[in-house]
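See below for the structure under consideration.
There are 2 protein chains.
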Amino acid sequence: MGLDKGKSDGTVGKALEILDLVASFERPVRFSDVLEIAEFPKATVYRFIQTLTSQGMLSYDPDRQTYALGIRLVRLAHSAWQQSSLAPVAHPHIEKLARDVGETVHLAQMDHAQVLYVDKIDPGKPIEMFSQAGKVGPAYCTGVGKAMMAYLDAPHLAEVIGQQSFHVFTEFTLADEAALRAELIDIRSNGYGFDREEHEPDIICVALPILTAQGRVLGALSVTSSTQRTNLAALEALVPRIQLAATAIANEAESWRFPDQSKFQSVKTAKG
Amino acid sequence: MGLDKGKSDGTVGKALEILDLVASFERPVRFSDVLEIAEFPKATVYRFIQTLTSQGMLSYDPDRQTYALGIRLVRLAHSAWQQSSLAPVAHPHIEKLARDVGETVHLAQMDHAQVLYVDKIDPGKPIEMFSQAGKVGPAYCTGVGKAMMAYLDAPHLAEVIGQQSFHVFTEFTLADEAALRAELIDIRSNGYGFDREEHEPDIICVALPILTAQGRVLGALSVTSSTQRTNLAALEALVPRIQLAATAIANEAESWRFPDQSKFQSVKTAKG
DNA sequence: AAACCAAGTTTCAAATAATGGAACTTAACT
DNA sequence: AGTTAAGTTCCATTATTTGAAACTTGGTTT
Numbered sequence: 007m008g009l010d011k012g013k014s015d016g017t018v019g020k021a022l023e024i025l026d027l028v029a030s031f032e033r034p035v036r037f038s039d040v041l042e043i044a045e046f047p048k049a050t051v052y053r054f055i056q057t058l059t060s061q062g063m064l065s066y067d068p069d070r071q072t073y074a075l076g077i078r079l080v081r082l083a084h085s086a087w088q089q090s091s092l093a094p095v096a097h098p099h100i101e102k103l104a105r106d107v108g109e110t111v112h113l114a115q116m117d118h119a120q121v122l123y124v125d126k127i128d129p130g131k132p133i134e135m136f137s138q139a140g141k142v143g144p145a146y147c148t149g150v151g152k153a154m155m156a157y158l159d160a161p162h163l164a165e166v167i168g169q170q171s172f173h174v175f176t177e178f179t180l181a182d183e184a185a186l187r188a189e190l191i192d193i194r195s196n197g198y199g200f201d202r203e204e205h206e207p208d209i210i211c212v213a214l215p216i217l218t219a220q221g222r223v224l225g226a227l228s229v230t231s232s233t234q235r236t237n238l239a240a241l242e243a244l245v246p247r248i249q250l251a252a253t254a255i256a257n258e259a260e261s262w263r264f265p266d267q268s269k270f271q272s273v274k275t276a277k278g
Numbered sequence: 007m008g009l010d011k012g013k014s015d016g017t018v019g020k021a022l023e024i025l026d027l028v029a030s031f032e033r034p035v036r037f038s039d040v041l042e043i044a045e046f047p048k049a050t051v052y053r054f055i056q057t058l059t060s061q062g063m064l065s066y067d068p069d070r071q072t073y074a075l076g077i078r079l080v081r082l083a084h085s086a087w088q089q090s091s092l093a094p095v096a097h098p099h100i101e102k103l104a105r106d107v108g109e110t111v112h113l114a115q116m117d118h119a120q121v122l123y124v125d126k127i128d129p130g131k132p133i134e135m136f137s138q139a140g141k142v143g144p145a146y147c148t149g150v151g152k153a154m155m156a157y158l159d160a161p162h163l164a165e166v167i168g169q170q171s172f173h174v175f176t177e178f179t180l181a182d183e184a185a186l187r188a189e190l191i192d193i194r195s196n197g198y199g200f201d202r203e204e205h206e207p208d209i210i211c212v213a214l215p216i217l218t219a220q221g222r223v224l225g226a227l228s229v230t231s232s233t234q235r236t237n238l239a240a241l242e243a244l245v246p247r248i249q250l251a252a253t254a255i256a257n258e259a260e261s262w263r264f265p266d267q268s269k270f271q272s273v274k275t276a277k278g
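Protein sequences appear in the order of chains L and Y. Reading the first sequence from the start, the letters are residues 7 to 278 in this note's numbering. Reading the second sequence from the start, the letters are residues 7 to 278 in this note's numbering.
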């Protein structure tokens, strides 16, 4: 009958599951490490690892006899980042915003029920790269996560909430669905939300959703600081400026056509 | 009988082939775009795209009815970058080198027969991110490509050379295998090589390989500039400084053990 | 030195999943 | 209403994946 958790899409799904397992160790792994936590028999795991390695999705270090995620992923991610209508379009706006307000700005999207940071600019430390973009975080206790959830439609929201862990990180963490839902209604009525040290002590932020004209959630922007440097009221004062950036990004992302995409939707868009 | 080109590893290989096809368009694509260039029948391409989308390797834009590479790739690439012993270890060295010499520094690795840039620092424009890391380039006409090829073992080198296109970009491009092999011998005897406007007019660089103690190629470093700003002799004068960085990176990358990796090779390394 | 052990690799018949031609459903345009 | 192109589903056939078990390899113990 049903799919248990939308899990395995045949062989490809299983192979990608192995890829995730390798990623879940934050270091290169041995075959036996993967085998231990995989739910497939030895020969199967072995064959998948072979295939993934031969495909460049994993790399093998012959000296240490370990596997790590392969560089083909870096190449693909580069394309993914470029193809995404959000991140490349948003980048200059975020850069400007970070300079204007002198604080760290994050750009995030939903990835399943988690928050995925696709860009980050810290006016202090200029260069961060992959070490920052690609990071994931919890949705229920981050500014960007709550800002995005506040604008999801009911069924989608229910699904996302169902997958939250509600781990209590600090004394301010919203620890259950009821508290979260109340907060989301609040955010929706304001148009912006805060992270009140809910994820890390002393770290606060203000976040706004990036929405299409139809109200579909594209992502979220946040300005982050610490209680030592500022306070929520000061962050709230930045809302108009962030809103301006969010709106600009949404407009550009929506209207953006890729270089030679004129053959698509040409008649329809030329009409208006 | 044989595998034609080391190509398809069963179903997983085919699915990844579809992923590459989507990446090869540098914009979101329709189902029919992929179908057109794919060598599988309609229903097969359709099912693969469905699977990859449900797995988050592709994303679907319902408004435009287009597919793009998914954000799961960005998450995986983040892990790949972190797990790689080279890029994170090299980053601070490259940063310092770029500041020292005031020119753009690239860090590259071999990806099949191509050069993959895994890091880039331009002292002028601080922030680039994914837009730079993940880029690929030809091996036979770039400084880093030739520096790495010069230190490959014979069989591996033959394989890589066999896959070069030898497209003539400029009047200085090495246009055939003989010219390339002569150049590689030269590079190997010097320990470093140049790009003499072979790929782009006016762009020159000096490149050094990053080698393990056993002489295995880990990657390459290059310092790039233009004929308007400098010349080959001036770049050559930077070699000792670049060499220092390359050696330091190689040492760190080789000796680096990931945080809690003590359980591996502990006895063996403790012995020495 | 022989026996042992753990990690990694290969085998092969049975079970399962992928295949793809063709039919079907939409949606857009005439 | 009629036509065409794009996208989706069906299902018997075919090819691939599966996984227990046997085997190999390299290192350690008695």
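C-beta atoms are modelled at their ideal positions from N, C-alpha and C, and glycine is treated no differently. For clarity, every value in this text was computed on a predicted model and none was experimentally measured.
| task | Rank ILE209(L), LEU79(L), SER171(L) and ALA139(L) by C-alpha distance to the C-alpha of ALA119(L) and give the top, closest one. | result | Stepping through the first sequence from its first residue, residue 119(L) is reached at position 113. Here the closest residue by C-alpha is SER171(L).
| Residue-level contact to chain L via CB, ARG105(Y), 8 Å cutoff | Here residue 105(Y) is taken as the residue at index 99 of the second sequence, counted from 1. No - not a single Cβ of chain L is within 8 Å of the one on ARG105(Y).
| What are the residues of the region 240–263 of chain Y that lie near chain L, defined by any Cβ-Cβ distance shorter than 7 Å? | none
| field | Rounded straight-line distance, which links the Cα of GLN89(Y) to that of GLU260(Y) | value | On the second sequence, position 254 is the one that residue 260(Y) refers to. On the second sequence, position 83 is the one that residue 89(Y) refers to. Approximately 13 Å between the Cα atoms of the pair.
| task | Go to ARG78(Y), then tell me how far its alpha helix (DSSP H) extends in each direction, as first and last residue. | result | The count along the second sequence starts at 1 and reaches residue 78(Y) at position 72. 78–89 is the span of the alpha helix (DSSP H), which, as asked, contains ARG78(Y).
| Using 8 Å as the limit for Cβ to Cβ distance, is ARG33(Y) near chain L? | On the second sequence, position 27 is the one that residue 33(Y) refers to. Taking Cβ atoms only, chain L reaches closer than 8 Å to ARG33(Y), which makes this a yes.
| field | Closer than 8 Å to chain Y by CB, ARG81(L) | value | For this step, residue 81(L) is matched to residue 75 along the first sequence. Judged by the 8 Å Cβ criterion, ARG81(L) is in contact with chain Y.
| message | I'd like to check one pair, PRO129(Y) with ARG303(Y): are the Cβ atoms closer than 8 Å? | response | Because residue 303(Y) is not part of the residues shown, which for chain Y are 7 to 278, the question remains open.
| said: Using 8 Å as the threshold, is the C-beta distance between ASP125(L) and ALA156(L) below it? | reply: Locating residue 125(L) in the first sequence gives position 119, counting from the first residue. Locating residue 156(L) in the first sequence gives position 150, counting from the first residue. The answer is no: Cβ separation not under 8 Å.
| request: To the nearest angstrom, report how far apart ILE55(L) and PHE31(L) are at their CA atoms. | output: Taking the first sequence and counting its residues from 1, the one referred to as residue 55(L) is at position 49. Taking the first sequence and counting its residues from 1, the one referred to as residue 31(L) is at position 25. When rounded, the distance between both Cα atoms is 15 Å.
| message | Relative to the C-alpha of SER232(Y), which candidate in GLU203(Y), VAL28(Y) and ALA185(Y) has its C-alpha closest? | response | In the second sequence, residue 232(Y) corresponds to position 226, counting from 1. Of the candidates GLU203(Y), VAL28(Y) and ALA185(Y), the one whose C-alpha sits nearest the C-alpha of SER232(Y) is GLU203(Y).
| field | Proximal residues to TRP87(Y) (C-beta, below 6 Å), its chain only, five neighbours per side dropped | value | As a first step, residue 87(Y) must be located in the second sequence, where it is residue number 81. Same-chain partners within the cutoff: ALA93.
| Per DSSP, which one or two residues make a beta bridge with CYS147(Y)? | On the second sequence, residue 147(Y) is found 141 positions in, with the first residue counted as 1. None; CYS147(Y) has no bridge partner.
| query | Just how far apart, CA to CA, sit THR59(Y) and TYR66(Y)? | reply | Reading the second sequence from its first residue, position 53 is the one you call residue 59(Y). Reading the second sequence from its first residue, position 60 is the one you call residue 66(Y). Approximately 7 Å, taken between the alpha carbons.
| With C-beta atoms as the reference, is ALA256(L) less than 8 Å away from THR230(L)? | Stepping through the first sequence from its first residue, residue 256(L) is reached at position 250. Stepping through the first sequence from its first residue, residue 230(L) is reached at position 224. In this structure, THR230(L) does not lie closer than 8 Å to ALA256(L) by Cβ.
| query | Using the rule of at least 16 other Cβ atoms within 10 Å of the residue's Cβ for burial, across every protein chain shown, is GLY221(Y) buried or exposed? | reply | Taking the second sequence and counting its residues from 1, the one referred to as residue 221(Y) is at position 215. By the neighbour-count rule (16 or more Cβ atoms within 10 Å), GLY221(Y) is not buried but exposed.
| request: Spatial neighbours of VAL142(L) within its chain, please: CB distance less than 7 Å, with the 5 preceding and 5 following residues excluded, ordered by chain position. | output: Here residue 142(L) refers to the residue found at position 136 of the first sequence. Here the set comprises ASP117, GLN120, VAL121 and LEU122.
| query | So which residues on chain Y does SER90(L) lean against when the C-beta distance must stay under 7 Å? | reply | On the first sequence, position 84 is the one that residue 90(L) refers to. Simply ALA74.
| task | Would you check if the distance between the CB atom of TYR73(L) and the CB atom of PRO34(L) is smaller than 8 Å? | result | To locate residue 73(L), count along the first sequence from 1; it is residue 67. To locate residue 34(L), count along the first sequence from 1; it is residue 28. Contact flag set, yes.
| request: Check each candidate in ALA21(Y), LEU75(Y) and ILE77(Y) and name the one with the smallest Cα separation from TYR52(Y). | output: Indexing the second sequence from 1 puts residue 52(Y) at position 46. The shortest C-alpha separation from TYR52(Y) is found at ALA21(Y).
| Opposite ILE248(Y) in the DSSP bridges: which residues? | The residue you call residue 248(Y) lines up with position 242 of the second sequence. ILE248(Y) pairs with nothing; no bridge assigned.
| Is LEU169(L) close to chain Y, meaning its C-beta is less than 8 Å from at least one C-beta of that chain? | For the purposes of this step, residue 169(L) is identified with residue 163 of the first sequence, where counting begins at 1. Reading off the sequence, residue 169(L) comes out as Gln, not Leu. Not one chain Y Cβ lies under 8 Å of GLN169(L).
| message | DSSP three-state label for PHE264(L), please. | response | If you number the first sequence from 1, residue 264(L) lands on position 258. Any reading at PHE264(L) must be qualified, since the residue scores a pLDDT of 44, below 50, and its modelled position is unreliable; no value is offered.
| said: I need the boundaries of the alpha helix (DSSP H) containing VAL18(L), first residue and last residue. | reply: Position 12 of the first sequence, counted from the start, is the residue given in the question as residue 18(L). VAL18(L) -> alpha helix (DSSP H) spans 16–30.
| Quick one: what does DSSP say GLY168(Y) is sitting in, helix, strand or coil? | Position 162 of the second sequence, counting from 1, holds the residue named residue 168(Y). Residue state, collapsed to three classes: helix.
| query | At which residue ranges does the region 162–250 of chain Y contain complete beta strand (DSSP E) runs of 3 or more residues, listed in the order of the chain? | reply | 199–202, 209–217 and 223–232
| message | Using only CA atoms, which one of LEU186(L), LEU163(L) and VAL166(L) lies nearest to VAL174(L)? | response | What you label residue 174(L) is simply residue 168 of the first sequence in a count that begins at 1. Per the Cα distances, LEU186(L).
| Within 8 Å (strictly less), CB to CB, does ILE4(L) reach chain Y? | The requested residue 4(L) is not part of the displayed model; chain L covers only 7 to 278.
| said: With a threshold of 8 Å between beta carbons, is THR230(L) in contact with chain Y? | reply: Your numbering for residue 230(L) matches position 224 in the first sequence. So, not an interface residue.
| List, in order along the chain, the chain Y residues whose C-beta lies closer than 9 Å to that of LEU113(L)? | Locating residue 113(L) in the first sequence gives position 107, where the first residue counts as 1. None at all; the shortest Cβ gap to chain Y is about 11 Å.
| query | Just reading off the beta strand (DSSP E) that TYR123(Y) is part of, what are its end residues? | reply | Here residue 123(Y) refers to the residue found at position 117 of the second sequence. Taken as a continuous stretch (DSSP letters only), the beta strand (DSSP E) holding TYR123(Y) covers 120–127.
| task | Could you confirm whether any beta carbon from chain Y is found closer than 8 Å to the beta carbon of ARG202(L)? | result | Position 196 of the first sequence, counted from the start, is the residue given in the question as residue 202(L). Not one chain Y Cβ lies under 8 Å of ARG202(L).
| request: May I ask which residues mark the beginning and end of the beta strand (DSSP E) holding LEU58(L)? | output: The sequence position of residue 58(L) within the first sequence is 52, counting from 1. Run containing LEU58(L): none in the beta strand (DSSP E); it sits in the alpha helix (DSSP H), 48–60.
| Contact with chain Y by ALA213(L), beta-carbon distance below 8 Å | As a first step, residue 213(L) must be located in the first sequence, where it is residue number 207. Cβ-Cβ to chain Y under 8 Å: no for ALA213(L).
| Interface residues of chain Y around ALA21(L) at Cβ under 7 Å? | Translated into the one-based positions of the first sequence, residue 21(L) becomes position 15. Result: VAL18.
| field | Cβ separation of SER85(L) and ALA29(Y), assumed to be a contact under 8 Å, to the nearest whole Å | value | As a first step, residue 85(L) is located in the first sequence; it is residue number 79 there, counting from the start. As a first step, residue 29(Y) is located in the second sequence; it is residue number 23 there, counting from the start. So it is a contact: roughly 4 Å between Cβ atoms.
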